[in-house]
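J.: Take this structure first; my questions come after.
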């Protein structure tokens, strides 16, 4: 009887995998083969992974096809950070400060939202190997965003960039939600006043010309586990969470627990917002059904200092994106 149960389990896994594959094929067909982008390919593999992960299938059966996309913000120069690599450009006009400021803010906000969207908006359990026992989330580095020297050296422009304000006030194209609402699944609409004051009170800051945008997810393996606390522990390591002030200004990490804007109860879930000096990391927690059991998991989109990527990698049980 035990052998029969094992066989039935694998038959179910196979059927779900086939069904997921058909969903992916339909998805690719609808967008058109010639119009596929790396984001499309990544999202399709996430959908297929999630369909098999629901029954506990090994993630090795469905590898994620998520390549880290590189974006250079430039007024004309190349980004030395991406020498020898393929990257896209966002051109800014240094003579038009307000327009350039908004373009930089939008580039970063869009990258955060696209990363969140590609990885299932925190609604899918996609990292069965990212176990809670490791005490670390599994990660995907969706984007690397760099500024060329001609932009980085324009201190007046870079000091005016305020991505957090952009996230809070601007609506995601094609939706009726601000970026902040979208990144927290509608649970956070505005920053708490007290935390606004903390965005610029730290003097121990350093700068970087490149940030990474990463998706992180961790799933509790028992009722005693607290994935939100695990994210707090990640924050406490330093992790290089990035700000977006003067050439992406960085400061000592405050920790996710210290930066909670709201903890709205929502079906056993909560949403939180974390701050470092002038920086935010958006995240949301929910219950996933895995192997017939509800388990609390947390997902986050986090900006970090890519110049300190080795330290960031230590906070992840596994990084599943392709360089």
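Numbering (the numbering used here), first residue to last: 4 to 326. Yeah, the Cβ is synthetic: ideal placement off N, Cα and C, and Gly gets one too. Just so it is clear, the structure is predicted and the values come from calculations on it, not from any experiment.
(1) Please work out which residues of its chain come closer than 6 Å, Cβ to Cβ, to residue 169, disregarding the five sequence neighbours upstream and downstream, and give them in chain order.
(2) If you scan the stretch 57-121 from start to end, which runs of the beta strand (DSSP E) of 3 or more residues do you find wholly inside it?
(3) Under three-state DSSP, which class holds residue 130?
(4) Consult DSSP for residue 313 and reduce its assignment to one of helix, strand or coil.
(5) Could you give the C-beta distance for residue 76 and residue 150, rounded to a whole number, given that I count them as a contact under 8 Å?
(6) In its own chain, which residues sit with a C-beta less than 8 Å from the C-beta of residue 163, not counting the 5 before and 5 after it?
(7) Quick check on this structure: which residue in 129, 124, 142 and 177 has the alpha carbon closest to the alpha carbon of residue 317?
(8) Does the Cβ-Cβ distance between residue 165 and residue 124 come in under 9 Å?
(9) Please classify residue 303: does DSSP put it in a helix, a strand, or coil?
(10) Does the Cβ of residue 155 have 16 or more other Cβ atoms within 10 Å, making it buried, or fewer, making it exposed?
(11) Just list the residues that DSSP pairs residue 142 with in beta bridges.
(12) Suppose the cutoff is 6 Å on Cβ atoms and the five residues either side in sequence are ignored; what does the same chain contact list for residue 65 look like?
(13) Compute the distance between the beta-carbons of residue 212 and residue 314, then report whether it is under 9 Å.
(14) Considering Cα atoms alone, identify which of 140, 153 and 49 is closest to residue 94.
(15) I believe residue 144 touches residue 324 by the beta-carbon criterion, under 8 Å. Please report the beta-carbon distance rounded to the nearest angstrom.
(16) May I ask you to report which of helix, strand or coil DSSP gives residue 174?
(17) Would you decide whether residue 330 is buried or exposed? Buried here means 16 or more other CB atoms lie within 10 Å of its CB.
(18) Is the closest heavy atom of the ligand GDP to the C-beta of residue 214 under 8 Å?
(19) According to the neighbour-count rule (16 or more other Cβ atoms, all chains shown, within 10 Å of its Cβ), is residue 185 buried or exposed?
(20) Applying the 10 Å Cβ sphere with the 16-neighbour rule, what's the burial state of residue 174?
(21) Roughly how many angstroms lie between the CA atoms of residue 130 and residue 304, to the nearest whole one?
(22) Could you tell me the distance, in whole angstroms, from the CA atom of residue 98 to the CA atom of residue 220?
(23) Whole angstroms is fine: what's the gap from residue 161's alpha carbon to residue 106's?
(24) Helix, strand or coil for residue 44? Go by DSSP, reduced to three states.
(25) How would you call residue 91, buried or exposed, if buried means at least 16 neighbouring beta carbons within 10 angstroms?
T.: In short, the structure shows the following:
(1) For the purposes of this step, residue 169 is taken as residue 166 along the chain shown, with counting starting at 1. Result list for residue 169: 108 and 112, in chain order.
(2) 72-77 and 91-94
(3) Looking up residue 130 in the chain shown gives position 127. In the structure shown, residue 130 sits in coil (DSSP, three-state: anything other than H, G, I, E or B).
(4) Reading the chain shown from its first residue, position 310 is the one you call residue 313. It is helical.
(5) Stepping through the chain shown from its first residue, residue 76 is reached at position 73. Stepping through the chain shown from its first residue, residue 150 is reached at position 147. Between residue 150 and residue 76 the Cβ distance is about 5 Å, and since that is below 8 Å, they are a contact.
(6) Mapped onto the chain shown, residue 163 falls at position 160. The residues are 100 and 104.
(7) Residue numbering aside, residue 317 sits at position 314 when the chain shown is read from its first letter. Residue 142 is the option with its Cα nearest to residue 317.
(8) What you label residue 165 is simply residue 162 of the chain shown in a count that begins at 1. What you label residue 124 is simply residue 121 of the chain shown in a count that begins at 1. Cβ distance not < 9 Å, so residue 165 and residue 124 don't count as in contact.
(9) Counting from one through the chain shown, the residue named residue 303 turns up at place 300. Note: residue 303 maps to strand in three-state DSSP.
(10) Residue numbering aside, residue 155 sits at position 152 when the chain shown is read from its first letter. It is buried - the Cβ of residue 155 has at least 16 other Cβ atoms within 10 Å.
(11) In the chain shown, the residue the question calls residue 142 occupies position 139. 219 and 322, per the DSSP bridge assignment.
(12) What you label residue 65 is simply residue 62 of the chain shown in a count that begins at 1. So the list reads 51, 52 and 55, once near-sequence residues are dropped.
(13) Residue mapping note: residue 212 aligns to position 209 of the chain shown, counting from 1. Residue mapping note: residue 314 aligns to position 311 of the chain shown, counting from 1. For residue 212 and residue 314, no; Cβs fall outside 9 Å.
(14) Residue mapping note: residue 94 aligns to position 91 of the chain shown, counting from 1. It is 153 whose Cα lies nearest to the Cα of residue 94.
(15) Residue mapping note: residue 144 aligns to position 141 of the chain shown, counting from 1. Residue mapping note: residue 324 aligns to position 321 of the chain shown, counting from 1. Contact holds; Cβ gap of about 5 Å.
(16) Taking the chain shown and counting its residues from 1, the one referred to as residue 174 is at position 171. Three-state DSSP puts residue 174 in a strand.
(17) This structure cannot speak to residue 330, because the chain is shown only from 4 to 326.
(18) The ligand content of the structure shown is nil, which means the ligand GDP is not present either.
(19) If you number the chain shown from 1, residue 185 lands on position 182. Buried.
(20) If you number the chain shown from 1, residue 174 lands on position 171. Counting Cβ neighbours within 10 Å, residue 174 comes out exposed, since fewer than 16 surround it.
(21) Within the chain shown, residue 130 is the residue found at index 127, counting from 1. Within the chain shown, residue 304 is the residue found at index 301, counting from 1. Taken atom to atom, the span from the alpha-carbon of residue 130 to that of residue 304 is near 15 Å.
(22) On the chain shown, residue 98 is found 95 positions in, with the first residue counted as 1. On the chain shown, residue 220 is found 217 positions in, with the first residue counted as 1. For residue 98 and residue 220, the distance between alpha carbons rounds to 41 Å.
(23) The residue labelled residue 161 in the question sits at position 158 within the chain shown. The residue labelled residue 106 in the question sits at position 103 within the chain shown. Using only the alpha carbons, I get a separation of about 12 Å.
(24) On the chain shown, residue 44 is found 41 positions in, with the first residue counted as 1. Three-state result, residue 44: helix.
(25) Looking up residue 91 in the chain shown gives position 88. Within a 10 Å sphere around the beta-carbon of residue 91 sit fewer than 16 other beta-carbons, which makes this residue exposed.
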